[in-house]
Amino acid sequence: MRHPDTDSSAGKYIPPPYTPPYISATPEVKVRKLEKGRDEFLILASDGLWDMISSQEAVEIAAMHLRSKGGTPTEASEALVTEALRRAAKNNGITLDRLRSLRPGRTRRTKHDDISVIVVDLSQLLDMYYWG
Numbered sequence: 331m332r333h334p335d336t337d338s339s340a341g342k343y344i345p346p347p348y349t350p351p352y353i354s355a356t357p358e359v360k361v362r363k364l365e366k367g368r369d370e371f372l373i374l375a376s377d378g379l380w381d382m383i384s385s386q387e388a389v390e391i392a393a394m395h396l397r398s399k400g401g402t403p404t405e406a407s408e409a410l411v412t413e414a415l416r417r418a419a420k421n422n423g424i425t426l427d428r429l430r431s432l433r434p435g436r437t438r439r440t441k442h443d444d445i446s447v448i449v450v451d452l453s454q455l456l457d458m459y460y461w462g
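Its first residue numbered 331, the sequence shown is counted upward by one per residue in my numbering.
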């Protein structure tokens, strides 16, 4: 287990006694009917993204990349990861290039949490749903 005096890695410190579950993964889940013209895409991401970027900022970044000519969900996902890394680098007083050059592992984990992002384009799904 991590100890705050010896491990400054990203994440939350769990004080003794160490009793299961050590990590709780409770996702934020919302269920609602999709609306054509309103629901354009879905962002699925780990807390590493949400630690750096608000929900509204993520929507704005993803929308900008999806709406650009030839924009793809992959480009939107990559833009979100890049922005989160840029902010992590700034918070640590280093450049984005320097942060990216750090090898995965303990040193890099002291700079930011893992960041995983998937952007799903709902436009085709909604077209199939509404128009068969």
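Here a beta-carbon is modelled for each residue, glycine too, at the ideal position from N, C-alpha and C.
Using the three-state DSSP reduction, which class does residue i fall into: helix, strand or coil?
| i | result |
| --- | --- |
| S338 | With a pLDDT of 48 at S338, under the threshold of 50, the predicted position of this residue should be treated as unreliable, though the coordinate-derived value follows. Note: S338 maps to coil in three-state DSSP. |
| I466 | Absent from the model: residue 466. The displayed extent of the chain is 331 to 462, so no value can be given. |
| D427 | helix |
| E408 | helix |
| D381 | coil |
| K420 | helix |
| V361 | coil |
| D457 | helix |
Can residue i and residue j be called in contact, C-beta distance under 8 angstroms?
| i | j | result |
| --- | --- | --- |
| R416 | L426 | yes |
| A388 | F371 | no |
Please classify residue i: is it buried, with 16 or more other beta-carbons within 10 angstroms of its beta-carbon, or exposed?
| i | result |
| --- | --- |
| R403 | Just to set this straight, residue 403 is Pro in the shown sequence, not Arg. The residue in question, P403, is buried, as its Cβ has 16 or more Cβ neighbours within 10 Å. |
| A355 | exposed |
| E390 | exposed |
| M382 | buried |
| S407 | buried |
| L364 | exposed |
Residue i bridges to which residues according to DSSP?
| i | result |
| --- | --- |
| L374 | I448 |
message = Check whether the stretch 361-380 and the stretch 445-453 are in contact - that is, three or more C-beta pairs closer than 8 angstroms.
response = Result yes; three or more Cβ-Cβ pairs closer than 8 angstroms.
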